[in-house]
Amino acid sequence: MPFFEPLGKEVQSAFDKYTHNFVRRLKKPEAMKMFVNEYKLSDEQASEMFDIFDIDKNGELSIWEYQQFYAALGDCPQDVFDLFNKVQKSDGSGFVDMERAWDALKEIKTKNDRVLTEVELEQFLQNGTDENKEIDIKRFINIIVRIKTYRR
1057 MPFFEPLGKE
1067 VQSAFDKYTH
1077 NFVRRLKKPE
1087 AMKMFVNEYK
1097 LSDEQASEMF
1107 DIFDIDKNGE
1117 LSIWEYQQFY
1127 AALGDCPQDV
1137 FDLFNKVQKS
1147 DGSGFVDMER
1157 AWDALKEIKT
1167 KNDRVLTEVE
1177 LEQFLQNGTD
1187 ENKEIDIKRF
1197 INIIVRIKTY
1207 RR
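Heads up: the sequence shown begins at 1057 in my numbering, then just goes up one per residue.
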């Protein structure tokens, strides 16, 4: 079984609209246009998605990296930003503490369609926090991606 299922034609065509000369990579401006136009993200959100999913940090989003984005977040990546905004601290710092993150993430299912055990979720959160035990939006998305692609 492949790690990621092949993209459907509709999903594939969303990526292909922004490619040039059949090159299966999008430079950041094209990838951002795709995120804004196809997924209704703001410019800032599109930039955050690009930074997260440009895994090899080469300034381009490959079809493989896009496949990881879609496998983890589907056609509603805005839901992740909405969830983050719902649970972030009220002080406007742009961070979520571990307790609020726990409550927000405890029902997210893994690749095998199960929720994490308490021990597993604690490990994901501990590995995803900064030195102050807080989580910014990029770390929050990264934790969700790791949970959704977890295979145990």
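All C-beta atoms in this analysis are idealised placements derived from N, C-alpha and C, irrespective of residue type, glycine included. All values derive from a computational prediction rather than experimental measurement.
- Excluding sequence positions up to five before and after I1108, its CB lies within less than 7 Å of the CB of K1194, I1197 and N1198, all in the same chain and listed in chain order.
- No residue range can be given for K1167, since it is assigned to no beta strand (DSSP E) and is classified by DSSP as neither H nor E.
- No Cβ-Cβ contact shorter than 8 Å links V1152 with K1162.
- Boundaries of the beta strand (DSSP E) around E1116: E1116 to S1118.
- Remark: C-beta atoms of A1087 and L1117 approach each other more closely than 8 Å.
- Separation of V1143 and V1136 (C-alpha to C-alpha, rounded to the nearest whole angstrom) is 11 Å.
- Ranked by how close their Cα comes to the Cα of A1070, the residues K1083, D1099, N1093 and D1192 have N1093 in first place.
- In this structure, the CA atom of H1076 is about 46 Å from the CA atom of E1174.
- Residues R1080 of the same chain have their beta carbon placed closer than 6 Å to that of I1119, with the five preceding and five following residues left out of the count.
- Listed in chain order, the beta strand (DSSP E) elements of length 3 or more contained wholly in the segment 1109-1159 are 1116-1118.
- The beta-carbon separation of W1158 and L1181, rounded to 6 Å, stays under the 8 Å limit for a contact.
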